[in-house]
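Numbering (our numbering), first residue to last: 2 to 136.
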Amino acid sequence: MKPKLFKVRHLAHSAGFTLIEIMLVVGIITVLMGSAIYMLTGNLEFAKEQRARGDLQAIITQVRMYEMKNGGVPLSESAGLKALVGTGKGFEELPKDPWGQDYQYKVDSASAKGFRVFSKGPDRNPGSADDISSK
């Protein structure tokens with residue numbers, strides 16, 4: 002009878018995890034979560050850039066349609082993209098870039114298009130390296 006008691010006592014004593022085992026598992030989970038967050042964040046920025054490029058193409062298409070109807074692109078930078086908004090003009094309202102800013106329109110006589118449309122990018126500052134442009 003004593004051997005059974007000893008076995009039960011031994012099993013009860015060894016059931017469970019040690020602090021080191023728990024810390025090891027928590028550490029592994031932390032590393033995996035950190036890697037996943039890093040990878041998802043990079044993909045999120047890529048998706049935002051691709052959306053901005055798609056929006057720019059839609060805006061360029063509307064500027065070209067404006068050009069065909071009116072004999073030229075909008076010449077005023079202040080009214081440039083606003084000329085595309087309204088009933089029957091292409092956009093009901095102008096889309097915002099993925100960072101919540103307005104797309105920018107610049108008259109550019111050096112460009113073959115005669116204009117340039119761009120997003121200020123993630124830093125929201127025009128003229129920086131992260132701007133996304135129609136070129």
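Built from N, CA and C at the ideal position, the CB exists for glycine as well.
Use the C-beta contact count for residue i: other C-beta atoms within 10 angstroms, 16 or more gives buried, fewer gives exposed.
i, result
"residue 81", "buried"
"residue 58", "exposed"
"residue 150", "Shown here, the chain extends from 2 to 136; a query on residue 150 therefore has no answer."
"residue 133", "buried"
So, helix, strand or coil for residue i, using DSSP?
i, result
"residue 39", "helix"
"residue 67", "helix"
"residue 74", "coil"
"residue 92", "strand"
Measuring alpha carbon to alpha carbon, tell me which of the options ends up nearest residue i.
i, options, result
"residue 84", "63, 98 and 102", "63"
"residue 98", "70, 87 and 46", "46"
"residue 121", "91, 104 and 21", "104"
"residue 90", "71, 79, 101 and 100", "71"
"residue 96", "35, 56, 40 and 24", "56"
"residue 100", "119, 86 and 37", "119"
"residue 60", "117, 131 and 124", "117"
What are the boundary residues of the beta strand (DSSP E) that includes residue i?
i, result
"residue 116", "116-120"
"residue 104", "Counting along the chain, residue 104 falls outside any beta strand (DSSP E), and DSSP gives it neither H nor E."
Quick check on residue i - is its C-beta less than 7 Å from some C-beta in chain B?
i, result
"residue 101", "Looking for chain B here will not work: only one protein chain is present."
Segment contact, 8 Å Cβ cut-off, at least three pairs: the stretch 70-79 with the stretch 101-110: yes
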